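Student: This structure is in structure tokens; I'll ask about it shortly.
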Amino acid sequence: MTKTVSVRGLTIGAGTPKICVPLVGETLAQIKEEAVSLLELDIDIVEWRVDFFNQVDSIEKVKAALVEIRSLLPNIPLIFTFRSHKEGGEKEVSTSYYFELNKTIVETGLVDFVDVELFNDEKDINRIVETAHTTNVFVIISNHDFHKTPEKEEIIARLRRAQELGADIPKIAVMPTSTADVLTLLDATNTMKEKFADRPFITMSMAGKGVISRLSGEVFGSAVTFGAAKKASAPGQVDVKELRRVLNLLHECL
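If you count the sequence shown from 1, position 99 lands on 1313 in our numbering, and the numbers rise without skipping.
What follows is the structure, given as structure tokens:
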């Protein structure tokens, strides 16, 4: 039986995929304005994409901004994510700073999830997982390929590796160059669900061709989908209202 992840009254891994929307403001003022606007939307999770923040090179400024975000969004599950440039993010920082930033934020207890990229040193990942779990923070171990869709076996291998490293929610996002690539991602997702997953996981095929993967998670096995409010953080994100409508439609048909 696949276990679920429960946080702030939300159960991930049961029912319809949960909708996550990114905060992508560059300034604190923009971030706060975005956060307030999200309160009016039918969403489940917020992801702060801190790599968009123009003061991300200061851990103290990041912490101060996080206090403001949490005060505006006191009850919604919050993911803290610095997406590296090599995996589609806005900025690049040193590996040591990346892990220092994530560790410091986890220790504040103000976030519910931390996103850690799979392609890092195993020892660094292990330390973050241990720190997070000690402070009751869930870990998403993620991988993003903005150039191609790996073979089915490789997609599954990366998800399984994230699971082995202690991810509460493994995640992979890939770029399709053909409709066949989208089918590869969906097939890998279904196989992961049927044979290997013992916890919720997230998959998606990006851009226009991959939109179907953002809608069909309940059918194939992906537990969270990412929608857009004002500005998308990745290609192919669907407007939140349309996303909710389609997820509910599919749920009623199952």
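Every residue, glycine too, gets a C-beta built ideally from N, C-alpha and C. Remember, predicted model here, so these are calculated numbers, not experimental data.
Enumerate, from N- to C-terminal direction, the unbroken alpha helix (DSSP H) stretches of 4 or more residues contained entirely within the stretch 1431-1468.
Tutor: You should have 1431-1434 and 1454-1467.
Student: By DSSP, does Ala1156 sit in helix, in strand, or in coil?
Tutor: Here the chain covers residues 1215 to 1468 and nothing more, so residue 1156 does not appear.
Student: Between the Cα of Thr1295 and the Cα atoms of Val1270, Lys1275, Leu1287 and Ala1278, which residue gives the shortest distance?
Tutor: Numbered from its first residue, the sequence shown carries residue 1295 at position 81. Nearest C-alpha to Thr1295: Val1270.
Student: If you draw a straight line from the C-alpha of Ile1355 to the C-alpha of Glu1466, how long is it?
Tutor: Locating residue 1355 in the sequence shown gives position 141, counting from the first residue. Locating residue 1466 in the sequence shown gives position 252, counting from the first residue. Their Cα atoms are separated by approximately 31 Å.
Student: Would you say Arg1341 and Asp1382 are within 8 Å of each other, going by their C-beta atoms?
Tutor: Sequence index remark: in the sequence shown, residue 1341 carries index 127 (1-based). Sequence index remark: in the sequence shown, residue 1382 carries index 168 (1-based). The answer is no: Cβ separation not under 8 Å.
Student: For Ser1251, which three-state DSSP category applies?
Tutor: Sequence index remark: in the sequence shown, residue 1251 carries index 37 (1-based). Three-state result, Ser1251: helix.
Student: Here's the rule: buried if 16 or more other CB atoms are within 10 angstroms of the residue's CB, otherwise exposed. What is Glu1314?
Tutor: Counting from one through the sequence shown, the residue named residue 1314 turns up at place 100. Exposed, since its Cβ has fewer than 16 Cβ neighbours within 10 Å.
Student: Report the three-state DSSP secondary structure of Glu1378 (helix, strand or coil).
Tutor: Sequence index remark: in the sequence shown, residue 1378 carries index 164 (1-based). Glu1378 falls in the helix class under three-state DSSP.
Student: Look at the alpha carbon of Val1472 and the alpha carbon of Leu1379, and state the distance between them as a whole number of angstroms.
Tutor: The requested residue 1472 does not occur in the structure, where the chain is confined to residues 1215 to 1468.
Student: In chain order, what residues of the same chain lie with their CB nearer than 7 Å to the CB of Asp1359, ignoring the 5 residues before and after it?
Tutor: As a first step, residue 1359 must be located in the sequence shown, where it is residue number 145. Counting only Cβ-Cβ distances below 7 Å, and skipping sequence neighbours, we find Val1388 and Met1389.
Student: With distances taken Cα to Cα, identify the nearest neighbour of Thr1309 among Glu1331, Ile1290, Leu1292 and Lys1232.
Tutor: As a first step, residue 1309 must be located in the sequence shown, where it is residue number 95. Cα-wise, what sits closest to Thr1309 is Glu1331.
Student: Tell me the rounded alpha-carbon separation between Val1276 and Leu1468.
Tutor: Residue 1276 sits at position 62 when you count from the first residue of the sequence shown. Residue 1468 sits at position 254 when you count from the first residue of the sequence shown. The straight-line gap from Cα to Cα measures roughly 43 Å.
Student: For Glu1248, count the other beta carbons within 10 Å of its own beta carbon; 16 or more makes it buried, fewer makes it exposed. Which is it?
Tutor: In the sequence shown, the residue the question calls residue 1248 occupies position 34. Glu1248 should be labelled buried.
Student: Rounded to the nearest angstrom, what separates Ile1233 and Leu1457 at their Cα positions?
Tutor: Locating residue 1233 in the sequence shown gives position 19, where the first residue counts as 1. Locating residue 1457 in the sequence shown gives position 243, where the first residue counts as 1. When rounded, the distance between both Cα atoms is 8 Å.
Student: Which same chain residues, not among the five before or five after Gly1303, have their C-beta less than 8 Å away from its C-beta?
Tutor: The sequence position of residue 1303 within the sequence shown is 89, counting from 1. If we look at Gly1303 and ignore the five residues flanking it on each side, its Cβ neighbours are Arg1263, Asp1265, Phe1296 and Arg1297.
Student: So the candidates are Asp1453, Gly1424, Ala1228 and Phe1352; which of them puts its Cα closest to the Cα of Pro1384?
Tutor: Here residue 1384 refers to the residue found at position 170 of the sequence shown. Of the listed residues, the one whose Cα sits closest to Pro1384 is Phe1352.
Student: Could you compute how far the alpha carbon of Glu1336 sits from the alpha carbon of Val1343?
Tutor: As a first step, residue 1336 is located in the sequence shown; it is residue number 122 there, counting from the start. As a first step, residue 1343 is located in the sequence shown; it is residue number 129 there, counting from the start. Distance between the alpha carbons of Glu1336 and Val1343: 10 Å.
Student: Taking the alpha-carbon positions, what's the Thr1405 to Asn1357 distance?
Tutor: Here residue 1405 is taken as the residue at index 191 of the sequence shown, counted from 1. Here residue 1357 is taken as the residue at index 143 of the sequence shown, counted from 1. Cα to Cα, Thr1405 sits roughly 18 Å from Asn1357.
Student: Looking at the secondary structure, which residues open and close the alpha helix (DSSP H) in which Ser1427 lies?
Tutor: For the purposes of this step, residue 1427 is identified with residue 213 of the sequence shown, where counting begins at 1. Note, Ser1427: alpha helix (DSSP H), Val1425 to Leu1429.
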